[in-house]
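One structure is given here, and the rest of the page talks about it.
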Amino acid sequence: MTVSEVLRTQRIELPSWAFGNSGTRFKVFAQAGVPRDPYEKIADAAQVHRYTGVAPSVALHIPWDKVADYPDLAAAAKDDGIELGTINANVFQDDDYRLGSVCNPDPRVQRKALDHLLECVDVMDATGSRDLKLWFADGTNYPGQDSIRARQDRLAEALHAVYERLGGHQRLILEYKLFEPAFYATDVPDWGTAYAHCLRLGERAKVCVDTGHHAPGTNIEFIVSFLLRERKLGAFDFNSRFYADDDLMVGAADPFQLFRILLEVRLGGGFEPDAGIAFMLDQCHNIEPKIPGQIRSVMNVQEATAKALLVDVEALTAVQLAGDVLGANAVVMDAYNTDVRPLLADLRAEQGLAPDPMAAYAASGHAERIVAERIGGTQAGWGA
1 MTVSEVLRTQ
11 RIELPSWAFG
21 NSGTRFKVFA
31 QAGVPRDPYE
41 KIADAAQVHR
51 YTGVAPSVAL
61 HIPWDKVADY
71 PDLAAAAKDD
81 GIELGTINAN
91 VFQDDDYRLG
101 SVCNPDPRVQ
111 RKALDHLLEC
121 VDVMDATGSR
131 DLKLWFADGT
141 NYPGQDSIRA
151 RQDRLAEALH
161 AVYERLGGHQ
171 RLILEYKLFE
181 PAFYATDVPD
191 WGTAYAHCLR
201 LGERAKVCVD
211 TGHHAPGTNI
221 EFIVSFLLRE
231 RKLGAFDFNS
241 RFYADDDLMV
251 GAADPFQLFR
261 ILLEVRLGGG
271 FEPDAGIAFM
281 LDQCHNIEPK
291 IPGQIRSVMN
301 VQEATAKALL
311 VDVEALTAVQ
321 LAGDVLGANA
331 VVMDAYNTDV
341 RPLLADLRAE
351 QGLAPDPMAA
361 YAASGHAERI
371 VAERIGGTQA
381 GWGA
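Note that full-length UniProt numbering numbers the sequence shown so that position 130 is 130, with each residue one more than the last.
Printed below as a string of structure tokens:
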């Protein structure tokens, strides 16, 4: 595929929770005009797609986005020009999960968590979603608190039950996180643990690489390359972080890292139509406005992708095989240092979109309209 073909067909999924109120562990900061229900979240996601042209789906988080009629929600999304995507489970916001969810030593709590995961597959059936994404806050804070081995056994048993419940076209996407809220031993702390569980489950179990969930200095592009090679890379959660954890806008902390990651995606065939990789944002906009934050994030991914596609792979291979260290680095850096904004602006214009999505949205007056219209009710958010 050519550079233009990849960029025209690129798809970036949006997270519904990016449009709700969020904040730090100390305070959630409310913003005027924030959605009050999943339907308004979908309407906001549709605005991002309207101005970028590459964000045609929105991921749901259950029970944050729970509704009585999921086919009706899917129909509303279709009316707005987008569709419902990945279903994300929530087994971390309940008092019962203080000591974990599926890894909890209490069989009752294990069962409760598993029932929720199976409920999420029911939601997938109703929405037509392909992917169930699982992230577990499970872990321990103190040595001896629980059996590390037994917790892995419980995790494996729950994952197997969910995998067996999936339909033939559905996939289980397992996310990992280095730490927090468990500070001694996290039950799915790294890509190796996630990979091992997915390998045992089967072909339709894949790993999600969240770009903010690694120790400082981790070579994320190596992880991406390895999982692509093993056909176990199922999804990205794009965001960035400066010190620990995530949720800053993708490309904000280290745009060169994002470029390097997407270069490995290209080299590993991850942009091919049959690669099956879900490229999703996973961010909360605590201090910046929600819709523009998502538009800018999509543009950051587009720009990094364009630069990765401009790398002359033939020339790179030649200098690599010749042992030309500086020459190889120069090929990569020449692409990274290219200003791709005019290329993307031209592509948008060819598709009937505004060349500058941020400016076009700001001029639309939509932000002012939703502030005026969304009066009353309870704003969506994760309630910390």
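A virtual CB, placed ideally from N, CA and C, is assigned to each residue, including glycine.
With a beta-carbon spacing of about 6 Å, Asp-131 and Ala-278 fall inside the 8 Å limit used to define contacts. By the criterion of a C-beta distance shorter than 6 Å, Leu-353 is surrounded in its chain by Gly-53, once the five residues flanking it on both sides are discounted.
Here DSSP, grouped into helix, strand and coil, assigns Lys-41 to helix.
Shown here for Phe-256: same chain residues with a beta carbon closer than 7 Å to its own, the five before and five after excluded, namely Tyr-336 in chain order. When Val-6, Val-121 and Ala-113 are compared, the shortest CA-CA separation from Leu-60 is found for Val-121. When DSSP states are grouped into helix, strand and coil, Ser-101 belongs to the coil group. For the pair Leu-201 and Leu-263, the CB atoms are not nearer than the 8 Å cut-off.
Within the DSSP secondary-structure output, Ser-57 pairs in a beta bridge with Glu-83. In this structure, Phe-19 places its C-beta atom within 8 Å of the C-beta atom of Val-34.
In this structure, DSSP gives Phe-179 a state outside helix and strand, which the three-state scheme calls coil.
With a cut-off of 8 Å on Cβ pairs, the stretch 69-78 is not in contact with the stretch 98-108, counting fewer than three such pairs.
Under the DSSP assignment, Gly-327 falls in the alpha helix (DSSP H) whose first and last residues are 325-336. Across the set Asp-247, Ala-46 and Phe-236, the C-alpha of Asp-247 shows the shortest separation from the C-alpha of Asn-286. A check of alpha carbon separations from Leu-310 across Ala-330, Ser-297 and Gly-323 identifies Ala-330 as the nearest.
Non-local beta-carbon contacts of Gln-170 in its own chain, meaning distances under 8 Å to residues more than five positions away in sequence, involve Val-121, Met-124, Ser-129, Arg-130, Asp-131, Leu-132 and Arg-204 in chain order. When the alpha-carbon of Gly-251 is set against those of Ala-55, Glu-230, Gly-293 and Ile-223, the nearest one is in Gly-293.
Looking at the backbone, the Cα of Ala-235 and that of Glu-368 are separated by about 34 Å. Remark: C-beta atoms of Ile-12 and Ala-55 approach each other more closely than 8 Å.
Contact annotation, Leu-174 with Val-207: C-beta distance approximately 6 Å; criterion of less than 8 Å satisfied.
Cβ neighbours of Phe-259 within its own chain (closer than 7 Å, five residues either side excluded): Ala-304, Lys-307, Ala-308 and Tyr-336.
Here Leu-310 carries a helix assignment [DSSP, helix/strand/coil]. Taking the C-beta atoms as reference points, Ala-46 is found no nearer than 8 Å to Gly-23. Under DSSP, the beta-bridge partners assigned to Asp-210 are Asp-237.
In the structure shown, the three-state DSSP call for Asn-286 is coil.
With at least 16 other beta carbons inside 10 angstroms of its own, Asp-237 counts as buried.
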